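Step one of this worksheet: look at the structure below.
Numbering (this note's numbering), first residue to last: 31 to 85.
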């Protein structure tokens, strides 16, 4: 934290999406996918959870 300005330094790292390979700027150290692929992965995982809960 920069005491003079009261701001937090955020380290931005560039990486690639694990699904499509598009370069992304990671906003979290756990981010693996670009926005489009992340949305699709969340839908796929949610569908799998729902299938499991219904069986």
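Think of the CB as a built atom: it goes at the ideal place given N, C-alpha and C, for glycine as much as any other residue.
Here the structure is a predicted model, which is why all the values come from computation and not from measurement.
- In the same chain as residue 71, and ignoring 5 residues on each side of it, the C-beta atoms closer than 6 Å to its own belong to 63, in chain order.
- In the three-state reduction of the DSSP assignment, residue 56 falls in the strand class.
- If you ignore the 5 residues before and after residue 46, its C-beta comes within less than 6 Å of the C-beta of 53, all in its own chain and listed in chain order.
- Within the same chain, no residue comes within 8 Å of residue 79 by CB-CB distance, once the 5 residues on both sides are set aside.
- Among the bridge pairs identified by DSSP, residue 44 is matched with 55.
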